[in-house]
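J.: Quick one: the structure is below, and I'll ask about it shortly.
There are 2 protein chains.
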Amino acid sequence: MNSGPAGTMPESPLRLKLSSYLKLTDDEQAFLAELERAVSRHPARTDLLVQGERYGSVRVMRGGWAIRHKALPDGRRQVINFVLPGDIIGIYSNLFETADHSITTLTPVEVASFPSEKILDIFRGYPRLAAAFAWSAAREEAIIAERLLSLGRRTALERMAHLIVELQRRLSVINMVENGLFTLPVTQEILADAMGLSIVHINRTLRRLRDSGLIEINGQRITVNNVGELSNIGQFDDHYLQLVRGPSRLESAFKGNKASAKPKPPPQPKP
Amino acid sequence: MNSGPAGTMPESPLRLKLSSYLKLTDDEQAFLAELERAVSRHPARTDLLVQGERYGSVRVMRGGWAIRHKALPDGRRQVINFVLPGDIIGIYSNLFETADHSITTLTPVEVASFPSEKILDIFRGYPRLAAAFAWSAAREEAIIAERLLSLGRRTALERMAHLIVELQRRLSVINMVENGLFTLPVTQEILADAMGLSIVHINRTLRRLRDSGLIEINGQRITVNNVGELSNIGQFDDHYLQLVRGPSRLESAFKGNKASAKPKPPPQPKP
DNA sequence: GCGGGTCTATAACATAGGTTAAGGCTTATG
DNA sequence: CATAAGCCTTAACCTATGTTATAGACCCGC
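Following this line, the structure appears as structure tokens:
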């Protein structure tokens, strides 16, 4: 996992993630570091947020894993997404009265938080950063949409293959994969709830993947031996993850905008 | 459908929708109207956006239905969401290079569009509107997450019931439901792709709902006879739709912020 | 007013994935 | 050190949903 010299601020996964989209200026980096300063720790299996409760501040995962999940009144549960280091919890959904989902830690976790109102400051003062945050939010939505495609149209085997490749890709960006090996601190029950399958069928499916030599699992360590084949099986197309792809569209948007920003100052909102 | 006197600007569904969240000032309404001025029409079964192509401007649905969908290389398809009047296409995903999904019209459609860069203007000049847009985006994500729960954990009958109630609710906000009756311009094939089911099973499921008298269908007109029971079956909880619920959290956020906005002007971005 | 397309409807049959049950392994605990 | 609590694993059996096939209704262009 990420760690720095004791007492120092370790590398920020959020910064790493945003950097894959946009080269941040020193100024922006400083502001970001400021946002992430108030850090708290929580043990594994703790609720950071509970369906129906009010949102507090905006949270940024700095280390550890969590899940975002929704439950039906009768107890059935769906994991919406895995929350990884660098992920932001409730940037915009903070605008809701109460949460329509829960967030629960899977491992001990380190979370930074800042008051929701800061978002408005970002909008006004750091438009590039605001766009990077919006990009991150859009990416999260894209991940969920892709998962919807999985649950709706992929078979169990395809789903599992797809998920494993996705997690590997997402973790790579924040330097949490080494030679196809990463930590997957997730029980088969949670996998089942994430893939819309039964726990037994998850087991069967993992067995098939292991038997065909595509992956290896010992404990919470998983090794991906053949990403290519796994991607084929899952019909994985990294498009939706919006990883590094040439000069950012945003850069040019701002170039075009810089000009218009001076001659035409934005109108003042009426109180 | 929405219509106004010929030649006049008809009521804006986007304004209606946002108003359910936030009372807009005259100024904000004017700006919104300006954003929606450039209107174009498209026939049914037209692609407004194709998976893999570049995004153009930001689009606002003013009338008609569309679907947002993703396809697998082998042709299987998942409808991610229904795009209804008042919905915004690609506010933030515009920040991506290319689209990871397609948008296709189901009916003739009226769409307003404005250049992506305007979003930055909104951020800077109309923070309340920016928040309302963010609310709308977060709501859309919540809808997708709820759909994920449906596909993962609800049975076919429950899914259909849930979808029907959801659509009725969403359409109500923009005045497109009368006495439980609304237009559903959707083939069973599209329903199948939306619910992750086969077309045959959609047919069976609709039949059950019709036989139990909960709904009536003639052509594209659907009547919901018993929302209560339908909601029960689908375990429908309108929480995720974030409909009117008391004094908006946002209002107070801005009250709190108004004070700090003056004494502490937002820092200038470095060019 | 006729052929062809599209959509709904249903029946008969097939299967992916669910359920139940049971054993074993590991770690925690008194 | 014995018991319990989680978790993984597998087998046997079951069912919700998929597949294939066929027919009829409707609409459209010529």
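Chains as they are written, first to last, in the numbering used here: chain A, 469 to 739; chain B, 469 to 739.
Cβ atoms here follow ideal geometry from the backbone N, Cα and C, with glycine treated the same way.
Determine whether the beta carbon atoms of A506/B and F582/B lie at a separation below 9 Å.
T.: yes
J.: So the beta strand (DSSP E) M529/A belongs to, where does it begin and stop?
T.: M529/A -> beta strand (DSSP E) spans V526 to G531.
J.: Along chain B, in chain order, which residues have C-beta atoms closer than 7 Å to that of D568/A?
T.: A610, H707 and Y708
J.: Shortest alpha-carbon distance to E585/B belongs to which of G558/B, R509/B, S487/B and S640/B?
T.: G558/B
J.: Just to check my reading of the structure: A629/B and I685/B have Cβ atoms closer than 8 Å, yes? What is that Cβ distance to the nearest angstrom?
T.: That belief does not hold up - the Cβ atoms of A629/B and I685/B are roughly 14 Å apart, past 8 Å.
J.: Of all the CB atoms in chain B, is at least one closer than 9 Å to the CB of I701/A?
T.: no
J.: Which residues, in chain order, does the stretch 547 to 566 of chain A contribute to contact with chain B at a C-beta distance below 7 Å?
T.: I548, Y560, S561, L563, F564 and E565
J.: Report the rounded CA-to-CA distance for P481/A versus Q688/A, giving the unit in angstroms.
T.: 21 Å
J.: Return the chain-ordered list of same chain residues with a C-beta closer than 6 Å to the C-beta of L597/A, the five sequence neighbours on each side being excluded.
T.: Contacts found: E496 and I590.
J.: Roughly how many whole angstroms lie between the Cα atoms of V528/A and A534/A?
T.: 12 Å
J.: Buried or exposed: which applies to K491/A, given that a residue is buried once 16 or more other Cβ atoms fall within 10 Å of its Cβ?
T.: exposed
J.: Can you name, in chain order, every residue of its own chain whose Cβ lies under 7 Å from the Cβ of G554/A, other than the five neighbours on each side?
T.: P481, L482, L484, K485, M529 and I642
J.: With a cut-off of 8 Å, do at least 3 Cβ pairs link the stretch 507 to 520 of chain A to the stretch 565 to 576 of chain A?
T.: Contact between the stretch 507 to 520 of chain A and the stretch 565 to 576 of chain A is established, with three or more Cβ pairs separated by less than 8 Å.
J.: Interface residues of chain A around F591/B at Cβ under 8 Å?
T.: Residues of chain A whose Cβ lies closer than 8 Å to the Cβ of F591/B are, in chain order, F591, R592, P595 and A598.
J.: Taking the continuous alpha helix (DSSP H) assigned at E521/B, which residues delimit it?
T.: Per DSSP, E521/B belongs to no alpha helix (DSSP H) and is neither H nor E.
J.: Tell me which same chain residues have a C-beta within less than 8 Å of the C-beta of A567/B, skipping the five on either side of it?
T.: L517, V518, Q519, G520, E521, R522, Y523, G558 and S561
J.: Under 6 Å Cβ to Cβ from F704/A, same chain only, skipping five residues before and after it: list those, please.
T.: Within the same chain, and ignoring the five residues on either side of F704/A in sequence, the residues whose Cβ sits closer than 6 Å to its Cβ are H630 and V633.
J.: Is I587/B helix, strand or coil by DSSP?
T.: I587/B falls in the helix class under three-state DSSP.
J.: Going by DSSP in three states, A534/B sits in which element: helix, strand or coil?
T.: strand
J.: Between the alpha carbons of D670/A and E657/A, how many angstroms are there, rounded?
T.: The sequence given here has Ile at residue 670/A, not Asp. Looking at the two C-alpha atoms, the distance is approximately 8 Å.
J.: So, is the C-beta of L764/A closer than 9 Å to a C-beta in chain B?
T.: Because chain A is modelled from 469 through 739, residue 764/A falls outside the range shown and cannot be assessed.
J.: Flag K637/B as yes if its beta-carbon sits less than 9 Å from any beta-carbon of chain A, otherwise no.
T.: According to the sequence displayed, residue 637/B carries Arg and not Lys. It does not; no Cβ of chain A falls within 9 Å.
J.: Could you list which residues in chain A have their beta carbon closer than 7 Å to that of G620/B, in chain order?
T.: Q546, L619 and G664
J.: Just checking: is the beta-carbon of G520/B within a distance shorter than 9 Å of some beta-carbon in chain A?
T.: With its beta carbon less than 9 Å from one in chain A, G520/B belongs to the interface.
J.: Decide if G681/B is buried, meaning its Cβ has at least 16 other Cβ atoms within 10 Å, or exposed.
T.: exposed
J.: Just to confirm my understanding: we take R676/B, look at its own chain, exclude 5 residues before and 5 after, and list those with CB closer than 8 Å. What are they?
T.: L625
J.: Tell me the DSSP secondary structure of N694/B in three-state form.
T.: coil
J.: Nearest to L503/A by alpha carbon, out of S525/A, F564/A and R622/A?
T.: S525/A
J.: Using CA atoms only, rank isn't needed, just tell me which of N694/A, T673/A and E609/A is closest to L709/A.
T.: E609/A
J.: Compute every distance between the C-beta of V668/A and the non-hydrogen atoms of the ligand ATP, then say whether any falls below 8 Å.
T.: No copy of the ligand ATP occurs in the structure displayed, which carries no ligand at all.
J.: What are the start and end residues of the beta strand (DSSP E) that includes T651/B?
T.: L649 to T651
J.: Helix, strand or coil for R713/B? Go by DSSP, reduced to three states.
T.: Caution is warranted here: a pLDDT of 49 is assigned to R713/B, below 50, making its placement in the model unreliable, and the coordinate value is therefore given only provisionally. Three-state result, R713/B: coil.
J.: Let me know the secondary structure DSSP gives H707/A once reduced to three states.
T.: It is helical.
J.: Assuming R536/A and H569/A form a contact by the criterion Cβ under 8 Å, report the distance between their Cβ atoms to the nearest whole angstrom.
T.: 5 Å
J.: How would you label L652/A, buried or exposed, when you count the other beta carbons within 10 angstroms and need 16 or more for buried?
T.: Classification of L652/A: buried, given that the 10 Å Cβ count is 16 or more.
J.: Does A567/B come out as helix, strand or coil in the three-state DSSP assignment?
T.: coil
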